[in-house]
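Chemist: Per my numbering, residue 14 is the first one in the sequence shown, and the count goes up by one each step.
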Amino acid sequence: MSRSRIVIVGAGFAGYRAARILSRTAREDAEVVVLNPTDYFLYLPLLPQVTAGILEPRRVTVSLTGTLPHARLVLGEAHGVDLDARRVRYTDPEDRPGELEYDTLILSVGSVSRLLPIPGVAEHAHGFRGLPEALYLRDHIVRQLELAAHATDPDERRARSTFVVVGAGYTGTELAAHGAMFADSIVRKQRGAHLEPRWMLLDIAPRVLPELDQRLSRTADRVLRRRGVDVRTGMSVKEAKHDGVLLDDGEFVPSRSLIWCVGVRPDPLVSDMGLPTERGRLCVDKYLTIPGHPEVLACGDAAAVPDLTRPGQFTPMTAQHAWRQGRVAARNVAARLGHGSPMAYEHHDRGFAVDLGGVQAAANPLHIPLSGPLAGAVTRGYHLLTMPGNRVRVAADWLLEAGLPRQAVQLGMVRAGSVPLDTASPELVRTPRD
Ligand SMILES: Cc1cc2nc3c(=O)[nH]c(=O)nc-3n(C[C@H](O)[C@H](O)[C@H](O)COP(=O)(O)OP(=O)(O)OC[C@H]3O[C@@H](n4cnc5c(N)ncnc54)[C@H](O)[C@@H]3O)c2cc1C
14 MSRSRIVIVG AGFAGYRAAR ILSRTAREDA EVVVLNPTDY FLYLPLLPQV
64 TAGILEPRRV TVSLTGTLPH ARLVLGEAHG VDLDARRVRY TDPEDRPGEL
114 EYDTLILSVG SVSRLLPIPG VAEHAHGFRG LPEALYLRDH IVRQLELAAH
164 ATDPDERRAR STFVVVGAGY TGTELAAHGA MFADSIVRKQ RGAHLEPRWM
214 LLDIAPRVLP ELDQRLSRTA DRVLRRRGVD VRTGMSVKEA KHDGVLLDDG
264 EFVPSRSLIW CVGVRPDPLV SDMGLPTERG RLCVDKYLTI PGHPEVLACG
314 DAAAVPDLTR PGQFTPMTAQ HAWRQGRVAA RNVAARLGHG SPMAYEHHDR
364 GFAVDLGGVQ AAANPLHIPL SGPLAGAVTR GYHLLTMPGN RVRVAADWLL
414 EAGLPRQAVQ LGMVRAGSVP LDTASPELVR TPRD
């Protein structure tokens, strides 16, 4: 009997976990093929620490070929699925088209930055969903503060040292908290420049971390304000311009830095498949299978998975769920090949950890609210435990950070035009020919 083929599209939290399990449990019966634009799994929760100059970028990546020895990696980006012919069409990194036939397909393509129809945002804001954007922003912060230090016009100095983050979910909150510390560490080394970096964090919601426990919001709000971040809740952006941001209340904030963290939407690949979706996410049953297509499963941010712990709702877009859904998808595919039995996806939320930089964090593991250094230790411990690789290197960077000043140099390898906000591929640097 010939081996069947399982194709996994997207090697993030859900896809990577599914590939890891299937390449162990089902490799006798099936070829496991992973299609991903990069050769690494990206540990997104530590991305703000890359921007803040704490972690080197490779620390938050885990090699796919190095850790999935029994899976075949195909480098490329899927841009269509032919459900009748059971084929995935993709483009490889050198723009060559390719096709992959499958017997079973797991779609785990994640999400991209969500845009809102606000004038100027697509042109002047940058997202925070991939490594290129994190690297761009790290350089951009350093560059703006260096230019500000040498500017003679006080208005230019002020604009260049003002950073506006929109969206106070966990991404925007962590970024503002880390960014403020990073900027302070840079200006401390600029003798005679007397810059006072200003960070603003805006959200239309009445509190920061609006989707999390109120106690986490209070802790985060307190730490941010103590660090000098100008937190504005119930506030959004009316217009973005090259030289600043017009707020809802009519105030114009001169700035060269607008960072867009208002949330994510599922990768456009899934909305273009002609299958039922829920807010752009592919509808699946509790076994993560697409109704009417038992050979196709979807999981992670790209899938609307019924939340059995909260009937009538769908699981939130978090790594916590995506990682576990990857396991369930793998188990259900393995069950079809005669290994074990299928299971429905059910996971009770175990709390959240928001790293606020330094020794500060807001966390509620098992719903016990923590703040201060204890929360900081729990948060870092949690990341070390859940990262699928590179733990020693990450821990080493944290140790170095505790004893050495941060390296504030801009390598300038990712330019603004290479990381547009409106992109279906935040994991790739856009080249001029695109
Ligand atoms: C900055 C940041 C911080 C976060 N912090 C936390 C946190 O602390 N805790 C938490 O629970 N969640 C956090 N999240 C959310 C969490 O990272 C996501 O919910 C999680 O990554 C979703 O997993 P996924 O497998 O669905 O998608 P991803 O992990 O994004 O993986 C998707 C994969 O698919 C690939 N892909 C995309 N399009 C294609 C295509 N067309 N063809 C082939 N491959 C494709 C991508 O390159 C990627 O490898 C954070 C997110 C961000 C951006």
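Glycine is no exception: its CB is placed at the ideal position from the N, C-alpha and C atoms.
Because the structure is a prediction, the values reported are computed rather than measured.
1. For the beta strand (DSSP E) that glutamate 414 lies in, which residues bound it at each end?
2. List the endpoints of the continuous beta strand (DSSP E) containing alanine 27.
3. Between Pro319, His352, Leu57, Thr175, which lies nearest to leucine 68 when the distance is taken from Cα to Cα?
4. What does DSSP give as the partner residue(s) for serine 17 in the beta ladder?
5. At a cut-off of 6 Å, is phenylalanine 265 close to ligand 1 when judged by its beta-carbon and the heavy atoms of the ligand?
6. Report back the beta-carbon spacing between alanine 347 and threonine 38 to the nearest angstrom; my notes put them in contact at under 8 Å.
7. Under a Cβ-count criterion, where at least 16 other Cβ atoms within 10 Å of its own Cβ denotes burial, should alanine 415 be classed as buried or exposed?
8. For the putative contact between methionine 213 and arginine 245, defined by C-beta atoms under 8 Å, what is the C-beta separation to the nearest angstrom?
9. So, is serine 270 buried or exposed, given that buried needs 16 or more other C-beta atoms within 10 angstroms?
10. Would you please state the rounded distance, in angstroms, between the beta carbons of glycine 353 and arginine 344? I believe it to be under 8 Å.
11. Would you decide whether proline 210 is buried or exposed? Buried here means 16 or more other CB atoms lie within 10 Å of its CB.
12. What does a CB cutoff of less than 7 Å around arginine 6 pick up in its chain, not counting 5 residues either side in sequence?
13. Hey, glutamine 423 and valine 155: beta-carbon distance below 7 Å or not?
14. Under 6 Å from any heavy atom of ligand 1, does the C-beta of aspartate 461 make it?
15. With DSSP collapsed to three states, give me the class of glycine 1.
16. Taking 6 Å as the cut-off, does the CB of valine 22 come closer than this to any heavy atom belonging to ligand 1?
17. Could you tell me the alpha carbon to alpha carbon distance between methionine 426 and valine 309, rounded to whole angstroms?
18. Below 7 Å between beta carbons: does that hold for alanine 375 and alanine 388?
19. Specify, as a first and last residue, the run of the alpha helix (DSSP H) that histidine 137 falls within.
20. Where does histidine 361 fall in DSSP's three states?
21. Can you give the Cα-Cα distance for aspartate 116 and proline 439, rounded to whole angstroms?
22. Which of helix, strand or coil does DSSP assign to proline 61?
23. Looking at the structure shown, is proline 167 part of a helix, part of a strand, or coil, going by DSSP?
24. Run through the DSSP bridge pairs and tell me what aspartate 243 is partnered with.
25. Please go through the same chain and pick out, in chain order, the residues whose beta-carbon is closer than 7 Å to the beta-carbon of alanine 233, but skip the five residues on each side of it.
26. Going residue by residue through the region 316 to 382, where are the continuous alpha helix (DSSP H) segments of at least 4 residues, counting only ones entirely within it?
27. Using DSSP's beta-bridge definition, name the partner residues of lysine 254.
28. Can at least three beta-carbon pairs, one atom from the region 43 to 53 and one from the region 79 to 90, be found at a separation below 8 Å?
29. Touching or not, the region 126 to 135 and the region 312 to 332, by the rule of three or more beta carbon pairs under 8 Å?
30. Serine 270: beta carbon under 6 Å from a heavy atom of ligand 1?
31. Taking the straight line between their C-alpha atoms, what separation do you get for asparagine 259 and isoleucine 21?
32. Nearest by alpha-carbon distance to aspartate 152: which of Pro70, Leu215, His207 is it?
33. Provide the residue span of the beta strand (DSSP E) that contains glycine 192, from first to last.
34. Let me check one thing: in DSSP terms, what residues is alanine 91 bridge-paired to?
35. Beta-carbon within less than 7 Å of aspartate 105's beta-carbon, same chain only, minus the 5 sequence neighbours each way: which residues are those?
Modeler: So, to answer that:
1. Going by DSSP, glutamate 414 is part of no beta strand (DSSP E) but of the alpha helix (DSSP H) stretching over 404 to 416.
2. Taken as a continuous stretch (DSSP letters only), alanine 27 belongs to no beta strand (DSSP E), being part of the alpha helix (DSSP H) at 26 to 38.
3. For leucine 68, the closest C-alpha among the options Pro319, His352, Leu57, Thr175 is that of Leu57.
4. According to DSSP, which records beta bridges pairwise, serine 17 is partnered with Ala43.
5. no
6. 5 Å
7. exposed
8. 7 Å
9. buried
10. In this structure glycine 353 touches arginine 344 by the C-beta definition: roughly 6 Å separates them, less than 8 Å.
11. buried
12. The requested residue 6 does not occur in the structure, where the chain is confined to residues 14 to 447.
13. yes
14. Since the displayed the chain opens at 14 and closes at 447, residue 461 lies outside it and no answer follows.
15. Since the first residue shown for the chain is 14 and the last is 447, residue 1 is missing from the structure and cannot be characterised.
16. Correct: valine 22 has its Cβ closer than 6 Å to ligand 1.
17. For methionine 426 and valine 309, the gap between their C-alpha atoms comes out near 39 Å.
18. yes
19. 134 to 137
20. coil
21. Those two C-alpha atoms are separated by around 29 Å.
22. helix
23. helix
24. Met213.
25. Thr186, Val221, Leu222, Val367, Leu369, Ala375
26. 332 to 349
27. Assignment of beta-bridge partners to lysine 254 by DSSP yields Gly257.
28. yes
29. no
30. no
31. According to the sequence as given, residue 259 is leucine; it is not asparagine. Their backbone Cα atoms lie some 43 Å apart in a straight line.
32. Pro70
33. Taken as a continuous stretch (DSSP letters only), glycine 192 belongs to no beta strand (DSSP E), being part of the alpha helix (DSSP H) at 183 to 201.
34. The partner list for alanine 91 (beta bridge, DSSP) reads Tyr103.
35. Leu88, Gly89, Gly111
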